Amino acid sequence: MPCKARVISSWTGYCIRVISPLVTAGSLLVFHFNGKDGQNIVDIAISYVLLGGAFLLEVTSLLGALSSSWTFPFLCATRWKWLRHVALCRGRWQLFRRKIVSLRHLFKVMGISTPSRRWSGSMGQYNMLHFCSRRGTSCNLLGFLAKMVGLEDRWEMFHYSGTLEVPNKDEVNTLGVIRKNWGEQTLKHWKDLDQVITEQYLGAELQECIIIWHIATELVVVRSSRAKDHDAAPEVEAARALSNYMMLLLVSRPDMLPGLPQNRLYQRSINHLVQIWREAKVEDPTHRHPGENVWIMLMEQFRLRDNPNSDSWRPQREKLACYLLDEEIPYAHETSRTSYAIDLAKLLLKKESEGYFTNKIDPDPHCVFQMILEMWIDNLVYAANRCSRESHAKKLN
């Protein structure tokens, strides 16, 4: 049973659902009979609205929990035989659920409510090259205030991340793609590639693989001859979207990934990239003089998000990517992931120039981004299959 059932569809969850509206109703009654002395009519009205609204929300939550499909297996497995007999044997629970579902459909038609079980249609995005090339290039008032109160790291994580709308137009069948290890199936599908992409490019942990392939993906996108082709656009966009999403999980939600959190590994890699960007002394192609446009300056001061998918900051990412590919980056053990990523990108670009990705047995033409996309799908499914139920449950509202 999915992790949601472990949180809500349990004796603890149902007890909380039942007690909450009773406590709220009790508070409303106490206020009605004893809590209005010395209060003006506006405060009294506001209190009634808040307590009444809270009671309606709690009752709605209770009815939703009792009519949920997760309640059926709970009733079937309960040790209280009398409860199972009363609820299921005469169809009382099924009748109750049909009435609640009908009422929910009515509210949906009237536009009062939306489906409770739905995906937001977007996925989080975080890009290391974007963070390195944008950090410190603009003075943000909100960032300055966050630094004053000691929340600089949290602000940077929020500010330099974003979301990407995912169109609901393609259905992907993931049956049978759960692998023993990340990347194995992809390398097996692309013949002879497992001979050149060694274990150092896959990492000892999934987190290490994400960092290496995330940087390599950005480098290949900038330098590949197929990146600008219209036919390869879906693979390029999908590969970058999954790459940025997996990096967001690694940085902000490491408990959603299997294995031990590798925050120190990420910090070493990001600090190395920031140092390279500073030493490169590349002129900011998006720099504007402060007096050029007052409105732009004010927007920069109060900008909440610096989205990594914005085309406005693409020249900076491309400058950093070109510098990593063209310059000799000294190898060091602490910064080896950056070196592995650069070597991996050069290897994939070399294979592309040799026509490896277009001379496959498959009749349909392929490009290097098809292989990168398959690698990210492998990583995503591996992480989803091995993420603990507790980690998913912690993300419930």
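Take 493 as the starting number for the sequence shown in this note's numbering and just add one per residue. Note that CB positions come from ideal geometry on N, CA and C, so glycine has one too. If you're wondering where the values come from, they're calculated on a predicted model, not measured in any experiment.
Could you tell me the boundaries of the beta strand (DSSP E) in which residue 615 lies? Looking at the DSSP string, the run of the beta strand (DSSP E) that includes residue 615 is 614 to 618.
Does residue 867 pass the burial test, meaning 16 or more other C-beta atoms within 10 Å, or should it be called exposed? By the neighbour-count rule (16 or more Cβ atoms within 10 Å), residue 867 is buried.
Identify, in the order they occur along the chain, each residue of the same chain with its Cβ nearer than 6 Å to the Cβ of residue 516, setting aside the five sequence neighbours on each side. Excluding sequence neighbours, residue 516 sits near 546, 547 and 550.
Nearest to residue 877 by CA position, among 750, 835 and 849, is which residue? The candidate whose alpha carbon is nearest that of residue 877 is 750.
Determine the burial state of residue 651: buried for a count of at least 16 other Cβ atoms within 10 Å of its Cβ, exposed for fewer. Looking at its Cβ environment, which holds 16 or more other Cβ atoms inside 10 Å, residue 651 is buried.
Short check: CB of residue 738 to CB of residue 706, under 8 Å? It is a contact, given that the beta carbons lie within the stated cut-off.
Roughly how many angstroms separate the alpha carbons of residue 503 and residue 580, rounded to a whole number? The C-alpha of residue 580 is placed about 18 Å away from the C-alpha of residue 503.
Given a cut-off of 8 Å, decide if residue 704 and residue 836 are closer than it, judged by their beta-carbon atoms. Closer than 8 Å, so yes.
What is the rounded straight-line gap between the Cα of residue 556 and the Cα of residue 645? Rounded to the nearest angstrom, the two C-alpha atoms are 38 Å apart.
Would you mind working out which of 558, 714 and 695 sits nearest residue 860, comparing C-alpha positions? It is 714.
Residue burial classification, residue 538 (beta-carbon count within 10 angstroms, cutoff 16): Around the beta carbon of residue 538, a 10 Å sphere encloses fewer than 16 other beta carbons of the protein chains shown; the residue is thus reported as exposed.
Residue 656 bridges to which residues according to DSSP? The partner list for residue 656 (beta bridge, DSSP) reads 615.
From this set, 811, 831 and 753, which residue's C-alpha is nearest residue 820's C-alpha? Of the candidates 811, 831 and 753, the one whose C-alpha sits nearest the C-alpha of residue 820 is 831.
Compute the distance between the beta-carbons of residue 709 and residue 863, then report whether it is under 8 Å. Cβ distance not < 8 Å, so residue 709 and residue 863 don't count as in contact.
On the three-state DSSP scale, how would you describe residue 699? Looking at residue 699 - three-state DSSP - the assignment turns out to be helix.
Since residue 622 and residue 807 should fall inside the 8 Å C-beta cutoff, what is the C-beta to C-beta distance between them, to a whole number of angstroms? The Cβ separation is near 11 Å, so there is no contact.
According to DSSP, is residue 643 helix, strand or coil? Residue 643 falls in the coil class under three-state DSSP.
Taking 8 Å as the threshold (C-beta atoms), are residue 724 and residue 732 in contact? A distance of 8 Å or more separates the beta carbons of residue 732 and residue 724.
Could you spell out where the alpha helix (DSSP H) holding residue 539 opens and where it closes? Its alpha helix (DSSP H) spans residues 533 to 558.
Please classify residue 813 as buried or exposed, where buried requires at least 16 neighbouring CB atoms within 10 angstroms. Counting every other CB atom within 10 Å of its CB across the protein chains shown gives residue 813 a total of 16 or more, marking it as buried.
Of the residues 524, 865 and 587, which one's Cα is nearest the Cα of residue 728? Nearest option by C-alpha distance: 865.
Can you check whether the CB of residue 829 is closer than 8 Å to the CB of residue 691? No.
In whole angstroms, what is the alpha-carbon distance linking residue 811 and residue 684? Cα to Cα, the separation comes out at about 32 Å.
On a CA-only basis, which of 592, 615, 558 and 875 is nearest residue 658? Give me that one, please. Of the candidates 592, 615, 558 and 875, the one whose C-alpha sits nearest the C-alpha of residue 658 is 615.
Out of 870, 762, 817 and 847, which has the shortest C-alpha to C-alpha gap to residue 624? Nearest C-alpha to residue 624: 762.
Identity of the residue in 848, 532 and 741 nearest residue 654 by Cα: Checked all of 848, 532 and 741; the closest Cα to residue 654 is 741.
Please report the residue range of the alpha helix (DSSP H) in which residue 517 lies. Counting along the chain, the alpha helix (DSSP H) containing residue 517 begins and ends at 503 to 526.
Output the distance between the C-alpha atoms of residue 589 and residue 874, rounded to the nearest integer angstrom. Across the structure, residue 589 and residue 874 are spaced so that their CA atoms are roughly 36 Å apart.
How big is the Cα-Cα spacing for residue 847 and residue 711? A direct Cα-to-Cα measurement between residue 847 and residue 711 gives close to 19 Å.
When 681, 815 and 748 are compared against residue 771, the one with the closest alpha-carbon: The option with the nearest alpha carbon to residue 771 is 815.
Short check: CB of residue 872 to CB of residue 734, under 8 Å? Residue 872 places its beta carbon less than 8 Å from that of residue 734.
Cβ neighbour criterion (16 or more within 10 Å) applied to residue 693: Its Cβ being crowded by 16 or more others within 10 Å, residue 693 is buried.
Output the distance between the C-alpha atoms of residue 759 and residue 745, rounded to the nearest integer angstrom. In this model, residue 759 and residue 745 are separated by some 15 Å (Cα to Cα).
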